[in-house]
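Residue numbers (the numbering used here), protein chains in the order written: chain A, 1 to 131; chain B, 132 to 254; chain C, 255 to 549.
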Amino acid sequence: MSQSYDRGLVEDFGRWREFTAGMWAWIFHKFTGWVLVGYLFTHIAVLSTALQSPDAYTTTIQSLESLLVVRILEVGLLAVAVFHILNGLRLLFVDLGVGLESQDKSFYASLVLTGAIVVASVPTFLAGVFG
Amino acid sequence: MAERYSSFKVGGRRWLWQRITAAFLVAVLAFHFFLLHFVNHADEVTFGMSQGRMQELTYFSLMILFLLTATFHGVNGVYNALVNQGLSGTQETAVKAVLGVASIVLIVQGVRTALAWAGGVPI
Amino acid sequence: MSTQLPDQVEEESTETDAEPTAAPQERRLASKRDRAGEADRRRQAEEADKALDDDTYHLKVFRYDPEIAGKKEPRFDDFHVPFEKGMTVLDALMYARDTYDSSLTFRHSCRQAVCGSDAMFVNGQQRLCCKTQLSDLEAPVRIEPLPHAEVVKDLVVDMQHFYDQMEAVEPYFQTNDYPDGELEEQRQTPENREKVKMSTRCIWCGACMSSCNVAAGDNEYLGPAAINKAYRFTMDEREGEEMKQQRLKILEQEHGVWRCQTQFSCTEVCPKDIPLTEHIQEIKREAVKNNLKFW
Ligand code: HEM
Ligand code: SF4
Ligand code: FES
């Protein structure tokens with residue numbers, strides 16, 4: 001890996017235009033995985049306000065949920081989770097050696113399905129925030 | 132890299148568990164999202180509603196298991212990603228320790244919160 | 255990389271069609287005449303090409319030489335090579351070297367996808383130059399040395415690390431499971447042969463290793479070619495159970511099969527169409543099954 005000179009972005013991610021389906025799937029899965037662990041930690045931190053008092057919890061959550069930004073971030077989280085789940089299923093099949101020839105198609109399917117599910121969920125996720 | 136390799140199996144077991152937890156999480160994470168955004172709406176969350184759910188033993192234990200599997204899956208995923216990038220030696224040991232401590236803190240905090248809702252283990 | 259298939263079929267069919275009734279001697283002479291005529295035509299065509307600057311392929315070739323002051327900074331040189339039907343990227347490089355710049359350095363030998371010495375990074379993908387038709391590529395054709403390897407000079411990279419990984423899996427037949435009779439052959443069933451068939455086709459070109467994101471980050475990762483090589487012997491029933499255990503031990507360690515993230519980039523670039531990801535995944539499952547037995 002050590003280079004006698006710097007090929008810089010010519011290597012690695014400077015090549016993103018030349019990536020194939022499987023590599024995109026990997027990058028998205030990585031990204032969504034990291035967002036999900038990040039959220040898991042934040043989530044527990046917020047929920048643990050319940051340790052102070054019931055009221056502290058209820059006010060914290062309700063004030064957070066009344067913010068439009070938080071609602072939009074939640075839609076983002078849904079997108080991330082749905083993609084990670086669908087592509088995760090794809091990876092489980094790949095691990096079982098099932099459907100390896102259509103691994104690119106199943107990646108595109110995960111993307112499309114994620115988009116559809118997210119769009120369909122937007123009304124529910126934003127409900128009540130404009131009230 | 133011509134030297135002979137040693138130390139095996141460890142990687143394999145973590146690989147398998149990453150997949151087992153993934154299969155479990157598919158169902159539970161989907162359920163979790165559905166329950167807390169579609170059945171119950173985000174702007175109606177109160178301590179009382181969470182309390183009501185947590186006092187059910189089934190729900191309580193499912194959430195604890197959810198916490199454990201998600202923590203393992205997430206933290207192990209991060210660790211794997213770093214090893215893939217060539218993490219090794221003391222750095223690897225340090226990262227292992229940090230991730231281990233973070234997981235324990237997360238699990239302890241999560242369990243305490245669940246107990247606060249349920250008011251003790253709901254048996 | 256089956257993009258070349260249609261061309262090959264075309265070539266084969268024209269060959270077999272050629273005067274099936276003529277005596278061999280006559281056929282040889284005829285083809286010799288043909289070739290001579292063709293050479294003439296080629297020369298004329300070349301001259302015409304140069305005059306017109308028409309129907310040439312524009313190559314952008316990576317140049318670098320740490321030992322020469324003027325080439326210490328990597329750069330791209332442009333070559334305009336007259337196109338001929340059936341010309342491969344390797345043909346074009348050889349033309350450029352022989353015609354314009356004899357210092358242009360790259361490896362090649364068999365020119366028929368057998369020796370594995372001319373894998374390069376052509377228009378954003380690891381390809382075997384002698385197996386890549388120019389006509390399948392968009393101009394300008396950008397030719398670079400394999401990514402994620404040390405460049406020695408121009409298009410030549412240091413393959414040592416790749417060879418080390420190949421050696422690490424003991425890439426040769428070993429067994430202590432001999433047939434009973436002293437003169438008995440070590441027979442393989444047709445089914446078993448079929449199972450390992452694709453995996454035997456590797457020509458050690460290193461394209462897969464170069465395309466692999468994980469191998470790029472983790473220097474200890476065995477890489478697709480080595481795992482495929484190990485698959486070839488692990489799955490060979492003639493090696494026997496004890497050897498299989500030994501092979502799995504090599505594959506199972508932290509930087510063995512588990513590092514594969516199923517990006518399929520190796521499978522995508524392998525010039526011999528070896529289903530690398532499939533083989534790696536099978537080894538993973540084999541290793542898991544094997545360990546479950548001992549729990
Ligand atoms: C809900 C169903 C889920 C499925 C089916 C799933 C599936 C997977 C699979 C199969 C991998 C392994 C990829 C590989 O090693 O090649 C993985 C990686 C990962 N997962 Fe999940 N996962 C799920 C939920 C989660 C959750 C809830 C989190 C967060 C706590 C998470 C965080 C991660 C992380 C951080 C990685 C590693 C990403 C990387 O390679 O950088 N996943 N997931
Ligand atoms: S597996 Fe394919 S790409 Fe890799 S070295 Fe062998 S022939 Fe080349
Ligand atoms: S020159 Fe031998 S494989 Fe291309």
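Just so it is clear, CB atoms sit at the ideal spot from N, CA and C, and this is done for glycine as well.
What is the rounded straight-line gap between the Cα of C:Leu-306 and the Cα of C:Ser-389? Confidence at C:Leu-306 is low in this model, with a pLDDT of 49, below 50, so the placement of that residue should be treated as unreliable; the coordinate-derived value is given next. So the alpha carbons of these two residues sit roughly 19 Å apart.
Leaving out five residues on either side along the sequence, give the residues of the same chain with a beta carbon under 7 Å from the beta carbon of A:Ser-102. none
Rounded to a whole number of angstroms, what is the C-alpha to C-alpha distance between B:Trp-248 and C:Glu-404? When rounded, the separation of the alpha-carbon atoms in B:Trp-248 and C:Glu-404 is 59 Å.
For ligand 1, any of its heavy atoms closer than 8 Å to the Cβ of A:Leu-96? Of the heavy atoms belonging to ligand 1, none sits nearer than 8 Å to the Cβ of A:Leu-96.
Using Cβ-Cβ distances below 8 Å, what residues of the region 228-254 of chain B are close to chain A? Ala-233, Leu-237, Gln-240, Gly-241, Arg-243, Thr-244, Ala-247 and Trp-248
Mind the definition here: the region 472-486 of chain C touches the region 378-394 of chain C only if three or more C-beta pairs lie below 8 Å; say whether that holds. no
Cβ of B:Val-206 within 9 Å of any chain A Cβ: yes
Does the contact criterion of 3 or more C-beta pairs under 8 Å hold for the region 103-116 of chain A versus the region 17-31 of chain A? yes
What residues in the region 534-547 of chain C have a beta carbon less than 9 Å from any beta carbon of chain A? Gln-535, Glu-536, Lys-538 and Arg-539
Verify the CB distance criterion: does B:Gln-216 have a CB-CB separation below 9 Å to chain C? yes
For B:Val-239, count neighbouring Cβ atoms within 10 angstroms of its own Cβ and tell me buried if that reaches 16, exposed if not. Flag for B:Val-239 reads exposed.
Report whether the distance from the Cβ of A:Val-37 to the nearest heavy atom of ligand 1 is below 8 Å. yes
Reducing DSSP to helix, strand and coil, say where C:Ala-367 ends up. coil
Could you tell me if the beta carbon of C:Val-411 falls within a distance shorter than 8 Å of some heavy atom in ligand 2? no
Could you tell me whether the Cβ atoms of C:Asp-332 and C:Leu-313 are closer together than 9 Å? Yes, these two residues count as a Cβ contact at 9 Å.
Taking 8 Å as the cut-off, is the C-beta of C:Ala-470 nearer than that to any heavy atom in ligand 1? no
Taking only the alpha-carbon atoms, compute the straight-line gap between A:Leu-86 and C:Leu-391 and give it to the nearest angstrom. Cα to Cα, A:Leu-86 sits roughly 35 Å from C:Leu-391.
Would you mind stating whether C:Ala-479 and C:Gln-380 have Cβ atoms separated by less than 9 Å? Taking 9 Å as the cut-off, the beta carbon of C:Ala-479 is found no closer than this to the beta carbon of C:Gln-380.
Bridge-paired residues (DSSP) for C:Lys-407: C:Val-410
CB contact below 9 Å: A:Leu-196 versus chain C: This structure does not reach residue 196 of chain A, given that chain A is present from 1 up to 131, and the question cannot be answered.
Ordered along the chain, which non-local residues of its own chain (more than five positions away) have a Cβ less than 6 Å from that of C:Val-450? Arg-486, Met-489 and Asp-490
Min CB distance A:Leu-111 to chain B below 9 Å: no
Is C:Gln-314 helix, strand or coil by DSSP? Note that residue 314 of chain C corresponds to Lys in the displayed sequence, not to Gln. Here C:Lys-314 sits in strand by DSSP.
When every heavy atom of ligand 2 is checked, does at least one fall within less than 8 Å of the C-beta of C:Arg-365? no
CB contact below 9 Å: B:Leu-160 versus chain A: yes
Listing by chain order, which chain C residues have their CB less than 7 Å from the CB of B:Trp-148? Ordered by position in chain C, no residue passes the 7 Å Cβ test against B:Trp-148, which lies about 11 Å from the chain.
Three-state secondary structure assigned by DSSP to C:Gln-380: Looking at C:Gln-380 - three-state DSSP - the assignment turns out to be strand.
CB-CB under 6 Å to A:Phe-107, same chain, minus the five flanking residues each way: which ones, in chain order? Ala-21 and Ala-25
7 Å Cβ shell around B:Ala-201 - same chain, five flanking residues per side excluded: Taking B:Ala-201 as the centre and dropping the five residues before and after it, the same chain places the C-beta of Leu-156 closer than 7 Å to its C-beta, in chain order.
Ligand 2 and C:Met-463: does any heavy atom of the ligand fall closer than 8 Å to the residue's C-beta? yes
Compute the minimum distance between the beta carbon of C:Gln-442 and the heavy atoms of ligand 1, and state whether it is under 8 Å. Set against 8 Å, the gap from the CB of C:Gln-442 to the closest heavy atom of ligand 1 is not smaller.
DSSP puts B:Met-185 in a beta bridge; with which residues? Looking at the DSSP assignment, B:Met-185 forms no beta bridge with any residue, so it has no partner.
If B:Ala-159 sits next to B:Phe-197, beta carbons under 8 Å apart, how far is it from one beta carbon to the other, in whole angstroms? According to the sequence shown, residue 159 of chain B is Val rather than Ala. Right, their Cβ atoms sit about 5 Å apart.
Name the chain B residues whose beta carbon is nearer than 9 Å to that of C:Gln-500? Neighbours of C:Gln-500 on chain B: none; closest Cβ ~11 Å, over 9 Å.
Note the first and the last residue of the continuous beta strand (DSSP E) segment covering C:Val-343. Taken as a continuous stretch (DSSP letters only), C:Val-343 belongs to no beta strand (DSSP E), being part of the alpha helix (DSSP H) at 343-353.
Does at least one heavy atom of ligand 3 sit under 8 Å from the Cβ of C:Ala-376? Reading the sequence as shown, one finds Val at residue 376 of chain C and not Ala. Checking every heavy atom of ligand 3 against the Cβ of C:Val-376, none is found closer than 8 Å.
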